[in-house]
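J.:
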Amino acid sequence: MIPLMKVFMSPPKELMPELEKTLYSGMVTEGTKVIEFEKELQKWIGCKLRPLTTNNGTAALQLAYRGLKIKDKIVLATPMTCTATNMPIFAEGGEIVWCDIDPTTGNIDTEDVRKKIEKYGKENIAAISFVDFAGYPADITKLALLREEFEIPLVEDAAQSFGASWYGVNIGNIEHVDYTCFSFQAIKHLTTIDGGAVVMQYEEDWPLIKRLKWYGINREAVKEATRWHYDIPDWGYKFHMNNVNATIGLVQLEHASNIVYKHKMNGFYFDINLKNIDGLQQMKLLQETHPSYWIYMIKVEKREEFAKMMADAGIGVNVAHIRNDGYTCFKNSSLVLNANEERPGLEEFNDKYIAIPCGWWLSNEQLDYIVERIRSGW
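According to our numbering, the sequence shown is numbered sequentially starting from -15.
1) If I measure Cβ to Cβ from H239 and keep anything under 8 Å in the same chain, skipping five residues before and after, which residues do I get?
2) Which residues bound the beta strand (DSSP E) around F21?
3) Measuring CB atoms only, is the region 323 to 335 touching the region 72 to 84, in the sense that at least three cross pairs come out at less than 8 Å?
4) Rounded to whole angstroms, what is the Cα-Cα separation between N70 and Y253?
5) Report buried or exposed for Y277, applying the criterion of at least 16 other Cβ atoms within 10 angstroms of its Cβ.
6) Given a cut-off of 8 Å on the beta-carbon distance, is the pair M64 and G300 in contact?
7) Quick check on Q265: does DSSP put it in helix, strand or coil?
8) Flag this pair as yes or no: are the beta carbons of A111 and P137 separated by less than 8 Å?
9) Taking just the CA atoms, how far does N227 sit from T363?
10) Using DSSP with H/G/I as helix, E/B as strand and the rest coil, what is Y311?
11) Between G180 and I279, what straight-line distance do the alpha-carbon atoms span, to the nearest angstrom?
12) Tell me, which residues are paired with M184 by DSSP?
13) Are L36 and K172 closer than 8 Å when you measure CB to CB?
14) Going by DSSP, what residues sit across from E140 in a beta bridge?
15) Where N302 and A291 are concerned, what is the direct C-alpha to C-alpha distance, given to the nearest angstrom?
16) Please tell me whether K336 and K283 are closer than 8 Å, where the distance is taken between their beta carbons.
17) Count the other C-beta atoms from every protein chain shown that fall within 10 angstroms of the C-beta of T312, then say buried if there are 16 or more, exposed otherwise.
18) On the DSSP bridge assignment, give the partners of N302 in chain order.
19) Using only the alpha-carbon positions, how far apart do A148 and T89 sit?
20) Between H247 and D352, what straight-line distance do the alpha-carbon atoms span, to the nearest angstrom?
21) Would you mind giving the Cβ-Cβ distance between Q236 and L319, rounded to the nearest angstrom? I have them listed as a contact below 8 Å.
22) Counting only runs that start and end within the region 35 to 69, where is the beta strand (DSSP E) found for 3 or more residues in a row?
23) The beta strand (DSSP E) with E272 in it runs from where to where?
24) Please say whether W362 and K(-10) have beta carbons closer to each other than 8 Å?
25) When burial is assigned at 16 or more other CB atoms within 10 Å of the CB, is M11 buried or exposed?
26) Short check: CB of T176 to CB of A230, under 8 Å?
27) So who's on the other strand from H224, going by DSSP bridges?
28) Cutting at 6 Å between CB atoms, please list the residues of its own chain near G156, excluding the five before and the five after it.
29) When you measure from the CB of K53 to every non-hydrogen atom of the ligand NAP, does any distance come out below 7 Å?
30) Short check: CB of I109 to CB of I73, under 8 Å?
31) Look up Y280 in the DSSP assignment and say whether it is helix, strand or coil.
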């Protein structure tokens, strides 16, 4: 079976010596290795502020929502995503208003975002939360214009778009996006086994988020002899990354450019070779963006038949996520203000999209085989 997902891990001769040093260093929790990894991430992304790493991508999103003070306010959100995008809104006491999806991209519909702002009032909205679904950047151009017009901050869930870009600028380095959150979970372009990072645009936000990820404690402050004699102004969480994950990340980062490049080349190959097939639609690509192609998305009219055909051919396919608004925890929650509203774009996309393998592990022969099976069998 050609897998839809696969974990990349650096060769043992590279990883194990570094991991052994950390494991027996006497400091395995957050320390200098975490800071070193954050600095290398900053170089890779190109962002002006050092990213702050976390124990997972969900924690990064929750820190972003906390930084924007969403409690008792509305977050305009996409229902077409992993639940990790939206459950932290509940955790921070925010209210969700779902926006529809552009069925040609799988990403948030910016025209519907505007309608929701006009309906619920910009003064009641704390943030617009959007996702780069499957590594395809959302319409950041229009979202940035909405941010400027209505003065509503943007939170970008970039869990699947590490290495993607907008006008040649890396995701995570876009000045119009207030918080960008990454995931380094097992099957992402860059994995630290599990982990995440939050990137901020404003220096005044950085110290707060730095404290919040470790109980609200400023661990870099000068300590008194008895260590604990200082105040904690804001309660926080245990969301920090540890030195073991950071060490893995540092070694993995040496391969990140090559991994992203292979995903992109495979995506471009499918862009060219899966055109003009009856019953199959490719995703619309925005001219100003370059996806990271975490997975390659298509829409098919008879999805179950397509999935069976591909499975019989030994090719792994699946959906990455399903619509969040159908889960009971969202559907029955008083914190979702428009739970019963119709979302036609979401319905169309959710019912038709499917992902095919696109990753670094595919050989040229496998790429040709996937295309041949789809063209001959569909």
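The C-beta atom is built at its ideal place from N, Cα and C for all residues, glycine as well.
T.: So, to answer that:
1) Excluding positions up to five away in sequence, the list reads F(-8), S(-6).
2) Premise fails: F21 lies in the alpha helix (DSSP H), 16 to 29, not in any beta strand (DSSP E).
3) A contact exists between the region 323 to 335 and the region 72 to 84.
4) Their Cα atoms are separated by approximately 33 Å.
5) Label assigned to Y277: buried.
6) No. Outside cutoff.
7) Strand, per DSSP.
8) A contact, by the Cβ cut-off of 8 Å.
9) Nothing in the structure corresponds to residue 363, since the chain is present only between -15 and 362.
10) The DSSP-derived three-state label of Y311 is coil.
11) Straight-line Cα distance between these residues: approximately 19 Å.
12) M184 is bridged to Y163.
13) No, Cβ-Cβ distance for L36 and K172 is not below 8 Å.
14) DSSP lists F114, T164 as partners of E140.
15) Distance between the alpha carbons of N302 and A291 is about 7 Å.
16) Yes, the pair counts as a contact, with Cβ atoms nearer than the cut-off.
17) T312 should be labelled exposed.
18) Paired residue(s): A339.
19) One C-alpha to the other measures close to 15 Å.
20) So the alpha carbons of these two residues sit roughly 15 Å apart.
21) With a Cβ gap of about 37 Å, Q236 and L319 do not count as contacting.
22) Taking only runs of at least 3 residues, the beta strand (DSSP E) segments lying wholly in the region 35 to 69 are 36 to 38, 58 to 61.
23) Note, E272: premise wrong, no beta strand (DSSP E); not H, not E.
24) Their beta carbons are not under 8 Å apart, which means K(-10) does not touch W362 by this criterion.
25) By the neighbour-count criterion, in which a residue is buried when 16 or more other Cβ atoms sit within 10 angstroms of its Cβ, M11 is exposed.
26) Contact: yes.
27) Paired residue(s): T38.
28) Excluding sequence positions up to five before and after G156, its CB lies within less than 6 Å of the CB of I29, C31, T164, V183, all in the same chain and listed in chain order.
29) Ligands displayed in this structure: none; no statement on the ligand NAP is therefore possible.
30) One thing to note: I109 has its Cβ no nearer than 8 Å to the Cβ of I73.
31) Per DSSP, reduced to three states, the secondary structure at Y280 is strand.
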